[in-house]
Structures are given as C-alpha cells and as structure tokens.
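Student: With the first letter of the sequence shown counted as 1, position 6 gets the number 5 in numbering that gives the first Met the number 0; the numbers rise by one all the way through. Ideal placement from N, C-alpha and C gives every residue a C-beta, glycine not left out. My structure is below; once you've seen it, I'll send some questions.
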Amino acid sequence: MTTARDLFIIVTDPASKDTVGQGDLSLALAGAELLDLVDAGLLTVADDRVVPDGDRARTADDPSRAPDDRLLAAAWAGVVPGPPFEEVEDWLWRRGRDLSAAYQEAFEKDGELTRKRNGVLSFASNRLVQADTPARRQAAARWQDGEPVLAALASAVRNGGELRDGEDELGSAEHEFGNGDETAVAVLAAVRGAIVELEAVRQRRSIENAAYANIWRAP
C-alpha cells in the first residue's frame with residue numbers, strides 16, 4: 000500500500016462526517032504520491048522542484064524500477080525527466096487533475112469499494128462503501144498510530160488547507176525533524192497552499208456567479 004491509497008481510504012471513510020472536496024482530495028493525493036516516490040528512492044525534492052534520480056531516462060522504461068502500484072507507476076511515468084525540473088506546485092496541479100476520481104475507479108476495480116443499494120426498491124440509488132480488506136485495516140492501523148504525514152495530509156483536506164491551532168506542518172507539535180522530513184514539510188506546505196488557492200478560486204467564482212444572477216433579476 001501507498002500513502003496515497005491510505006489517504007484515500009481514511010478521507011473517504013463513510014464513518015467520517017467531514018465534507019471533502021474532490022479537488023482538495025486530488026491535490027493531497029498528488030502530494031502523497033510525490034512523497035511515495037521520494038520514499039521509493041525515485042525522486043528528490045530540491046529547491047521546490049521535483050528531481051528524478053540520475054538514471055531516470057534509463058529506468059523510465061524499465062519495469063523492474065517502476066512502482067508496483069499502477070497509480071503510482073502512472074505518476075512516475077509523468078515525471079519531467081530533465082531540467083528545468085517541474086516545481087512541486089506545478090506537479091500538484093498537473094498530477095492532481097481529477098486524481099480522486101482515478102483513485103475511486105481503481106478502488107472499485109480492485110474490490111476495495113463496493114456499491115450498496117439505499118433502500119429495497121429496484122430503482123433505489125447506490126452508494127459506495129469501503130470493503131473490509133487488508134488494505135483498509137492497514138490504513139486504519141496507520142491512522143490509529145498517528146503517522147504524522149498521513150495525519151497532516153488528511154487534516155489539509157478536511158480543513159481546507161488551513162493549519163489548526165497548535166498544529167505544525169506534520170500535524171504533530173512534538174515531531175522532531177529528521178530522516179528526510181524536511182522534504183515532507185515542503186510538500187505538505189505546498190499541498191496546503193494549493194488547497195487554499197483552490198478554495199479562493201471557488202469563492203471568487205461563487206461571487207461572480209451571484210453577481211451575474213443578480214443582474215438578470217434586476218428590474
């Protein structure tokens with residue numbers, strides 16, 4: 000399992016009462032994929048840019064180096080191979096486009112999500128529910144353990160990118176940086192910034208649409 004898949008499971012858990020924006024989740028998933036690729040040793044983040052390892056040109060078509068997870072493999076295949084390398088923010092917007100829908104489709108194909116009918120009538124609507132699988136239990140265990148990166152990504156999605164009182168970029172005020180966590184902090188900050196920017200775009204469009212509607216209502 001990947002951080003991105005664990006994040007999708009946690010954030011879309013029906014037990015959660017939070018309303019999650021698909022765009023917000025897509026941006027966070029793109030950030031999680033980036034961190035998964037860093038953890039796999041395929042990328043580094045340097046000066047806010049996504050830098051593949053030195054053998055990117057050779058390994059791009061080498062199945063033995065590609066991630067086993069097909070969604071993560073798709074992310075890896077889209078990495079800009081040479082300078083000027085892609086900025087982290089640009090990665091989030093490019094890779095994040097409709098990414099939550101891609102994860103939902105993948106989860107349905109893998110049997111991680113199933114459709115359950117609401118009601119007994121034949122025309123009753125269906126809703127997606129998470130299947131009780133090892134992947135779900137693993138994600139739940141990681142969540143219960145308070146894994147900081149997963150917690151921070153989920154918090155970013157649920158809080159519109161805003162930090163809560165007493166929360167740092169890794170979601171734990173007591174967390175001490177090390178083992179490459181500076182990269183995680185940089186990516187998480189970019190994810191939060193992108194989600195805040197997306198919300199600003201939503202609000203601007205809402206205001207513009209309301210103003211347009213008022214024009215037509217005016218006598």
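Roughly how many whole angstroms lie between the Cα atoms of Ala-72 and Glu-181?
Tutor: 24 angstroms
Student: I'd like to check one pair, Gly-30 with Val-128: are the Cβ atoms closer than 8 angstroms?
Tutor: No. Outside cutoff.
Student: Do you know offhand how far Asp-89's Cα is from Glu-107's?
Tutor: Between Asp-89 and Glu-107, the C-alpha separation is close to 28 angstroms.
Student: Taking the Cβ atom as the reference point for each residue, do Leu-28 and Ala-3 lie within a distance shorter than 8 angstroms?
Tutor: yes
Student: By alpha-carbon positions, which one of Leu-91, Leu-6 and Val-78 ends up nearest to Arg-191?
Tutor: Leu-91
Student: Kindly list the residues whose CB is nearer than 6 angstroms to the CB of Gln-21, restricted to its own chain and excluding five residues on each side of it in sequence; keep chain order.
Tutor: Ser-99
Student: Verify the CB distance criterion: does Ala-188 have a CB-CB separation below 8 angstroms to chain C?
Tutor: Among the chains of the structure shown, chain C does not appear; only one protein chain is present.
Student: Taking its Cβ as the centre, do 16 or more other Cβ atoms sit within 10 Å of Arg-82, making it buried, or is it exposed?
Tutor: The residue asked about is misnamed: residue 82 is Pro in this sequence, not Arg. Pro-82 should be labelled exposed.
Student: So what does Val-87 bridge to, in DSSP terms?
Tutor: According to DSSP, Val-87 bridges with nothing at all.
Student: Would you mind sorting Pro-51 into buried or exposed? The rule is 16 or more other CB atoms within 10 Å of its CB.
Tutor: buried
Student: Straight-line CA distance for Asp-131 to Asp-67?
Tutor: C-alpha separation (whole angstroms): 22 angstroms.
Student: Using three-state DSSP, classify Thr-182 as helix, strand or coil.
Tutor: helix
Student: Roughly how many whole angstroms lie between the Cα atoms of Ala-193 and Asp-38?
Tutor: 22 angstroms
Student: Tell me whether Ala-138 is buried or exposed, calling it buried when 16 or more other Cβ atoms sit within 10 Å of its Cβ.
Tutor: buried
Student: Starting from Pro-133, follow the alpha helix (DSSP H) in both directions and report where the run begins and ends.
Tutor: 133-143
Student: How is Arg-96 classed by DSSP in three states: helix, strand or coil?
Tutor: coil
Student: In terms of DSSP beta bridges, what is Val-44 paired with?
Tutor: As a beta-bridge residue in DSSP terms, Val-44 pairs with Val-49.
Student: Nearest-angstrom Cα distance between Glu-32 and Thr-1?
Tutor: 8 angstroms
Student: Tell me, please, which residues DSSP counts as bridged to Arg-114.
Tutor: Leu-127
Student: Name the residue from Phe-7, Ala-105 and Thr-43 whose alpha carbon lies nearest to the alpha carbon of Glu-86.
Tutor: Thr-43
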